[in-house]
Amino acid sequence: MTTLTDPPKASFRLSMLIYDTRYRSLTFQAIAAIMLALCIWFLGNNLIQNLRAAGLNISYGFLGDPAGYDINQRLVEYDSQSSHAKAALVGILNTLLVAVLACITATVFGVIAGVLRLSNNWLVSKLMAVYVEIFRNIPVLIWIIIIFTIMTAVMPAPRDFRGDDATAGMVLDLFAFTNRGVYIPMPYFQNGIFANAAMNWILVLAGFVLSLVITRQITSRANAKQEATGVRPRTLLPILAAWFVPFAVLMLVMGLTFEVPALKGFNFKGGIKVGGPLIALWFALSIYTGAFIAENVRAGIQAINKGQTEAAAALGLRSGRIMNLVVLPQALRVIIPPLISQFLNITKNSSLAIAVGYADITATLGGITLNQTGRAIECVLLLMLFYLTASLLISMAMNFYNASVKLKER
Amino acid sequence: MKKSVFLGALTVAGLAAGAAAAGTLDDVKARGKLNCGVTTGLVGFAAPDANGNWEGFDVGMCRAVAAAVLGDPAAVEFVPTTGKTRFTALASGEIDMLARNTTWTFSRDVDLKFEFVGVNYYDGQGFMVPKELGVSSAKELDGATVCIQTGTTTELNLADFFRSNNISYEPVPVETNAESQQQYLSGACDVYTTDASGLAATRATFEAPGEHVVLPEIISKEPLGPLVRHGDNEWGDVVRWTLNALISAEELGVTSANVAELAAGTDVPETNRLLGSEGTLGAMLGLDADWAKKAIMAGGNYGELFEKNIGEATPIALSRGLNASYKDGGLLYSPPFR
Amino acid sequence: MATPKDSIAFVAEGTLPQLDPPANSVGPVKWLRENLFSTPANTLLTVASFYVIYMILGQVLPWVMNGLWTTGSLSECREILQGETGACFSVLTERWHQLLYGFKYPASEYWRPNLAVVLLLVAAAPVLFFDLPRKLLIFTALYPFIAYWLIWGGTILAPVVGLLGFVGAGLVFRTLGRDNFALGFIGAIGAALVVWYVGGALIPEGASDNAVLQAVPSRDLGGFMLNLMLGVTCVSLSLPLGIALALGRQSNMPLIKGICVVFIEFVRGVPLITLLFVASVMLSYFFPPDSTVDLFLRVVIMITLFSSAYIAEVIRGGLAALPKGQYEAADSLGLAYPEAMRLIILPQALKISIPGIVNVAVGLFKDTTLVSVISMFDLVGMIRGPILASTEWNGVYWELLGFAALLFFVVCYGISQYSQWLERRLATDHR
Chain F
1 MTTLTDPPKA
11 SFRLSMLIYD
21 TRYRSLTFQA
31 IAAIMLALCI
41 WFLGNNLIQN
51 LRAAGLNISY
61 GFLGDPAGYD
71 INQRLVEYDS
81 QSSHAKAALV
91 GILNTLLVAV
101 LACITATVFG
111 VIAGVLRLSN
121 NWLVSKLMAV
131 YVEIFRNIPV
141 LIWIIIIFTI
151 MTAVMPAPRD
161 FRGDDATAGM
171 VLDLFAFTNR
181 GVYIPMPYFQ
191 NGIFANAAMN
201 WILVLAGFVL
211 SLVITRQITS
221 RANAKQEATG
231 VRPRTLLPIL
241 AAWFVPFAVL
251 MLVMGLTFEV
261 PALKGFNFKG
271 GIKVGGPLIA
281 LWFALSIYTG
291 AFIAENVRAG
301 IQAINKGQTE
311 AAAALGLRSG
321 RIMNLVVLPQ
331 ALRVIIPPLI
341 SQFLNITKNS
351 SLAIAVGYAD
361 ITATLGGITL
371 NQTGRAIECV
381 LLLMLFYLTA
391 SLLISMAMNF
401 YNASVKLKER
Chain H
1001 MKKSVFLGAL
1011 TVAGLAAGAA
1021 AAGTLDDVKA
1031 RGKLNCGVTT
1041 GLVGFAAPDA
1051 NGNWEGFDVG
1061 MCRAVAAAVL
1071 GDPAAVEFVP
1081 TTGKTRFTAL
1091 ASGEIDMLAR
1101 NTTWTFSRDV
1111 DLKFEFVGVN
1121 YYDGQGFMVP
1131 KELGVSSAKE
1141 LDGATVCIQT
1151 GTTTELNLAD
1161 FFRSNNISYE
1171 PVPVETNAES
1181 QQQYLSGACD
1191 VYTTDASGLA
1201 ATRATFEAPG
1211 EHVVLPEIIS
1221 KEPLGPLVRH
1231 GDNEWGDVVR
1241 WTLNALISAE
1251 ELGVTSANVA
1261 ELAAGTDVPE
1271 TNRLLGSEGT
1281 LGAMLGLDAD
1291 WAKKAIMAGG
1301 NYGELFEKNI
1311 GEATPIALSR
1321 GLNASYKDGG
1331 LLYSPPFR
Chain Z
2001 MATPKDSIAF
2011 VAEGTLPQLD
2021 PPANSVGPVK
2031 WLRENLFSTP
2041 ANTLLTVASF
2051 YVIYMILGQV
2061 LPWVMNGLWT
2071 TGSLSECREI
2081 LQGETGACFS
2091 VLTERWHQLL
2101 YGFKYPASEY
2111 WRPNLAVVLL
2121 LVAAAPVLFF
2131 DLPRKLLIFT
2141 ALYPFIAYWL
2151 IWGGTILAPV
2161 VGLLGFVGAG
2171 LVFRTLGRDN
2181 FALGFIGAIG
2191 AALVVWYVGG
2201 ALIPEGASDN
2211 AVLQAVPSRD
2221 LGGFMLNLML
2231 GVTCVSLSLP
2241 LGIALALGRQ
2251 SNMPLIKGIC
2261 VVFIEFVRGV
2271 PLITLLFVAS
2281 VMLSYFFPPD
2291 STVDLFLRVV
2301 IMITLFSSAY
2311 IAEVIRGGLA
2321 ALPKGQYEAA
2331 DSLGLAYPEA
2341 MRLIILPQAL
2351 KISIPGIVNV
2361 AVGLFKDTTL
2371 VSVISMFDLV
2381 GMIRGPILAS
2391 TEWNGVYWEL
2401 LGFAALLFFV
2411 VCYGISQYSQ
2421 WLERRLATDH
2431 R
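Protein chains in written order, with this note's numbering: chain F, 1 to 410; chain H, 1001 to 1338; chain Z, 2001 to 2431.
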């Protein structure tokens, strides 16, 4: 810019609002603001008129009323006398439960399939390509329904376990796979230190933390010694001991026992029940999203320069260690951002629980509560608010991560 | 009155604007079609057959109203609704009436601002179990897994029943009838619960209906009836009296077979008033004098509709029970046409 | 000189004939060794894979081979099969029209959607393959109106007026927009609205009653046709919207940028199913009290908004990937913002974004199955509703679900193969 003279202030003309680039953006924004306001007014006004015509109002008072219905899968105390808000909370926790479980398994599936797809075993890599293509190109809703149908139609019903001519049996007499869910033995403490079962488990958790701390101590000492003397002391045994001893002591003292599920009445009783809808949704989401993650993983690995692999091979590393020590750490930087958006997708796709009767937030707040109270607007708004919050939190985490692993350029 | 709102070529089919203030009756007449909300499929009450024609008891109600108002029982647009969408569809004017086994409850009538015009089926929630379980009473269902077809007030009744009897259960809520059948038949649930009529209708579609029994307990009152929006009394009257006309016709012995003959005039004054050969009842409703005749001709009187769609001769095989005319010890009792 | 023969024990007097390579490093054996059995671990994997394939095929093949195609109900199938495994494909031969067109579309009119699909391929061809003559794009522009008329039927005046609105808008934009883009843009919108309003008023009341093509209400659409229509309509509508949103997000006007960011992040943050709930239970409250907008249109609106946010993000990626020099070059030529975008930036940015857009389109097409949750009878809705609930076919899961999966797979796999082809082609263009 060579002209440094200030524009004459007095000569502002209205036409400058259109022709002068300095002011034009103001004009556009003003127009946009007016349009937005008009839109909101139009929609809001319609809403108010329609509601008045129907004699309805917007009120969230129903959240405090007793819900009146039961939920079969609940992580917190809930019965039919609890409020609608409590039912929504149960739903939220169920959504989070299936989302977290599916994120973990989808990552496992995805990484295995992605790595195997690059395997030099022709058959395996083709098999993985088929897996990826089949699952990516068929809607997740169809997968959920298919897997749920497998769950209900192929697995034996509890009544098949009954009688002398039972057509189904428990696996190892410990696990029961039925079309209502999988029953597994539940560990509990016969003589726990605390009366409250949860406190005992927290104690176990504390034991694990202790093991973790000791392990870190051992490794850092080993590292120090290696740096000082060049010889790394053996750490395997101490570490194993650090993990095993506190655990074993706690278990022995508190008397760990397993409650094995058994067929009583209509259902299996005892043990932990993992419900059929949960399994179907969990598995369908993991295997579907796993196919996408596999592609991300493959792209991430292929993005690493081949020279890196060759250099590692020249150092004499075996192929497993090349993957673990050289390729994956670098590929992770490429893999993680799309991975997180896949996690986001899992969370959002978990709303399809409604197709299999899993009591997530869409099925409680957006389903039965909406159904029974007829408060459609309120329920749908709350539903969107929850998903929005969850998504924004996950995105924030992603941005944090991206900032922390960004290549520090100097 | 039809106002042309043209917001781009694609919307022209969608935007059929009708002024709500002018009244639903005028809207329906102007449109030449009745928009009637029904279920997404419950054999006997409302389900499309293999050719896509809607059939059933609720469908018959829609057709009777269409015949009374428009003179043509086929002038009905059936809008399938789920338990979730039905109330919005009605409140927003997408449908003119809802004939979808919907229970008449206080809060729906008062809080949600709907008008139930009467009861076309007295129902109650029941349980169905496979015979091989050997259960003979709902009170033996402690610990059972129960498939619930969500929709009416099913979940709430169920929770109340099990709580008051102090027994436990596992609810499995299912959205559509087809899915609950799938789960129940595969043994993912021990029990299937919904309105007794729905149970019968579902059982009728099973391969071996005889292997399943409906338990004697009926745990709730479910008066099912057609409903319309609050505040449009004229339209409410049309639907209410069409229903009453069907019930009265059975009381008076008017059937689809003899209605044409009786309409010429009989020596029963109420029949004459009903069929329009005497008095001006039709004009009071804003309809033709022979509105009730057309409604009855559409599918017959209440009894005929019942027998044809859900009666004992059909696979659903429901007995009249509470739904018999008061003359036969039932609850159906139409106010007089006078 | 002594001959070598005397002093040296052996001298080769010619080259040896070439031998074949050892049997295990040539031909199929070599290939097998290298690709399947190179290490013990690999061998294990191979064996495991063969086992998996055997298990799957062993289950599926007899089932398909024993399939019955001509029975009238599932119980008939079971009677014929006598407990052997075998599919009951008769449900497909019996109900294929319901699966493809829904149960309400008049059977005598099936040729209309079929023709619309064929024409869709013709219309899409010049967009998808750059080598085809550009003149074909005229047909592409006409296609929406033709397709609308074919599928919904009714009076031909409605699509004609719609088309005229666009033509009018184009003419106004040509004259006014030459000097001032904004003026032309606003004028074009105004012209289109005027044409539509006047044209809408001119169409006589009962024009659709005795039209050449019988009018079909959108409630009667269903089956796979509904999925296809929702997918095609929503993707094409969301493209312009997505471009606008992407440009808005890049804008340096804080208000406009803010609106776009909030919109995009909001839509991307909620699942499609909640937006469909909005369409089915909430949206009617937001329209003027005296109008009803049918479910199909409401769903189209919500899915379009949904996909436009995703497309906007893809295009934003394309915009960001352009070297800064392109923007600066456009500025230095003295081009105003609209010209710079139209002539320089967008053509390049869109070209980069095409594979991403295709991916969004495939995802969206798959997501159209979710409309079955709000009681629309698309392919999945037909299966889960009327067909599985009927007495004859109560319990035929695998045949129906497999058919649905196959249809979606064919379409989506085809599109993704195209996308990969395009990516390769675009990649060579850049090098």
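Every residue, glycine too, gets a C-beta built ideally from N, C-alpha and C.
Cβ neighbour criterion (16 or more within 10 Å) applied to residue i
i: A1009 (chain H); result: Summary for A1009 (chain H): the model assigns pLDDT 35, below 50, so the residue's position carries little reliability; its value from the coordinates is reported in the next sentence. A1009 (chain H) should be labelled buried.
i: P1941 (chain Z); result: Only positions 2001 to 2431 of chain Z appear in the structure, and residue 1941 (chain Z) is not among them; the question remains open.
i: S1319 (chain H); result: exposed
i: I1316 (chain H); result: buried
i: A1021 (chain H); result: At A1021 (chain H) the pLDDT is 48, less than 50, meaning the model places this residue with poor confidence; the figure from the coordinates comes in the next sentence. Exposed.
i: E2313 (chain Z); result: buried
i: G2414 (chain Z); result: exposed
i: D2131 (chain Z); result: exposed
i: G1118 (chain H); result: buried
i: I2008 (chain Z); result: exposed
i: Y2051 (chain Z); result: exposed
i: A2125 (chain Z); result: exposed
Residue range of the alpha helix (DSSP H) that includes residue i
i: T2292 (chain Z); result: Where T2292 (chain Z) is concerned, there is no enclosing alpha helix (DSSP H), although the beta strand (DSSP E) it sits in stretches over 2291–2293.
i: R2384 (chain Z); result: Element bounds for R2384 (chain Z): n/a, residue is neither H nor E.
i: I2053 (chain Z); result: 2040–2065
i: I394 (chain F); result: 376–405
i: Q1149 (chain H); result: Here Q1149 (chain H) belongs to no alpha helix (DSSP H); instead the beta strand (DSSP E) covers 1144–1149.
i: C2260 (chain Z); result: 2254–2269
Host beta strand (DSSP E) of residue i (start-end)
i: Y23 (chain F); result: Segment 21–54 is the alpha helix (DSSP H) holding Y23 (chain F); no beta strand (DSSP E) there.
i: E1077 (chain H); result: 1076–1080
i: L256 (chain F); result: 256–259
i: P1269 (chain H); result: Here P1269 (chain H) belongs to no beta strand (DSSP E); instead the alpha helix (DSSP H) covers 1269–1275.
i: G275 (chain F); result: 272–275
Anticipated Cβ contact below 8 Å, residue i with residue j, distance rounded
i: T2304 (chain Z); j: C2234 (chain Z); result: 5 Å
i: M1097 (chain H); j: V1239 (chain H); result: 5 Å
i: I2156 (chain Z); j: W2149 (chain Z); result: 6 Å
i: V2281 (chain Z); j: T1088 (chain H); result: 4 Å
i: P261 (chain F); j: Y183 (chain F); result: 4 Å
Spatially closest choice to residue i from the options, by CA coordinates
i: T1176 (chain H); options: H:E1278, H:T1085, H:G1300, H:K1293; result: H:T1085
i: G2356 (chain Z); options: Z:G2242, Z:D2294, Z:A2389; result: Z:G2242
i: Y2310 (chain Z); options: Z:A2201, Z:S2291, Z:L2426, Z:F2266; result: Z:F2266
i: V1043 (chain H); options: H:G1032, H:K1308, H:L1090; result: H:K1308
i: T1105 (chain H); options: H:E1222, H:A1295, H:G1311, H:T1039; result: H:E1222
i: I31 (chain F); options: Z:G2414, Z:A2329, Z:I2186, Z:I2146; result: Z:I2186
i: D2294 (chain Z); options: Z:L2221, Z:L2319, Z:P2271; result: Z:L2221
i: V274 (chain F); options: F:F343, F:R375, F:R74; result: F:R74
i: L26 (chain F); options: Z:S2251, Z:N2042, Z:C2412; result: Z:S2251
i: G114 (chain F); options: F:A206, F:A291, F:A37, F:A312; result: F:A291
i: A222 (chain F); options: F:T215, F:R232, F:I214, F:V213; result: F:R232
i: V1038 (chain H); options: H:A1138, H:R1100, H:K1029; result: H:R1100
Heavy atom of the ligand ZN within 7 Å of residue i beta-carbon
i: N1157 (chain H); result: The ligand ZN is absent from the structure shown, which contains no ligands of any kind.
Three or more C-beta pairs closer than 8 Å, one from the stretch 2377–2389 of chain Z and one from the stretch 121–138 of chain F: is that the case here? Put simply, the stretch 2377–2389 of chain Z does not touch the stretch 121–138 of chain F. Fewer than three CB pairs are less than 8 Å apart.
Assess, as a yes-or-no matter, whether the stretch 1042–1057 of chain H is touched by the stretch 1268–1275 of chain H under the definition of 3 or more beta carbon pairs within less than 8 Å. Cβ pair count under 8 Å is below three, so no.
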